[in-house]
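In this note's numbering, the protein residues as written are -2 to 146. Idealized CB from N, CA, C, for every residue including glycine. Please read all numbers here as calculations on a predicted model, not as lab measurements. Report on the following structure.
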Amino acid sequence: MSMRNVSVMMCAVLAVGFMAFAADEKAKPFKATCPISGKAALQDKTADYKGAKVYFCCGNCPGAFTKDTAKFASKANHQLVATGQATQVKCPLSGGKLNPDANVEIGGVKVGFCCDKCQGKAAEAKGDAQVDLAFADAAFGKGFEIKKK
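Quick look at the structure:
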């Protein structure tokens, strides 16, 4: 095989790989829940929060959110993780190292814990209490980090 043929084949492989990656990125539709209403959020209705963006269902919700962020913090923090703007680094209850076998799905987000005790607490809680347990500001500060842009 000549050098030219090898070069052409390498370019073809890279092009196919890039197209597959680009198609995979496009295949992920935007999905977020408004922390105010619980309805589907829109990408163009946002408010800045903790160095990231929180998405809302309409133009009225960002104002309500900024007036009282503490009231909606748990759901906003949950949304930051659900939209990939924040990642989990430690247990949100203890701040301890994550145990790969101790997980609970909370509102469509897989949340890890350090031990069975913390996992059990989260599994027992339901609805908003479960979101508050794992995503309240104190828990969010212990267990999650906003991704750097």
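Residues of its chain near V108, where Cβ-Cβ distance is below 6 Å and the 5 sequence neighbours each way are ignored
V101, A131
Below 8 Å, can you find three or more Cβ-Cβ pairs linking the segment 53 to 60 to the segment 108 to 118?
no
What residue from Q82, P26, S91 has the CA that sits closest to L39's CA?
P26
Is the beta carbon of A44 less than 8 Å from the beta carbon of K144?
no
As assigned by DSSP and simplified to three states, the class of D45:
strand
Who are K107's beta bridge partners in DSSP?
E102
Is F15 buried or exposed, if buried means 16 or more other CB atoms sit within 10 Å of its CB?
Because F15 carries a pLDDT of 48, less than 50, the predicted location of this residue cannot be relied on, and the following value inherits that uncertainty. Label assigned to F15: exposed.
Check the C-beta distance from P32 over to A73 and give it rounded, since I have them as a contact under 8 Å.
5 Å
Do you know offhand how far K68's Cα is from N96's?
Here the alpha carbon of K68 sits roughly 30 Å from the alpha carbon of N96.
What residues in its chain sit with their C-beta under 7 Å from that of A29, if we drop five residues either side in the sequence?
A38, Y52, Q76, A79, T80
Within 8 Å, strictly: CB atoms of S91 and V128
no
Terminal residues of the beta strand (DSSP E) in which A83 lies
83 to 85
Assigned secondary structure, L90 (DSSP; H/G/I helix, E/B strand, else coil)
coil
Between the CA atoms of A119 and K134 - distance to the nearest angstrom
Sequence check: residue 134 is Asp here, not Lys. Between D134 and A119, the C-alpha separation is close to 16 Å.
Confirm, please, whether the CB-CB distance from F141 to V86 is below 8 Å.
yes
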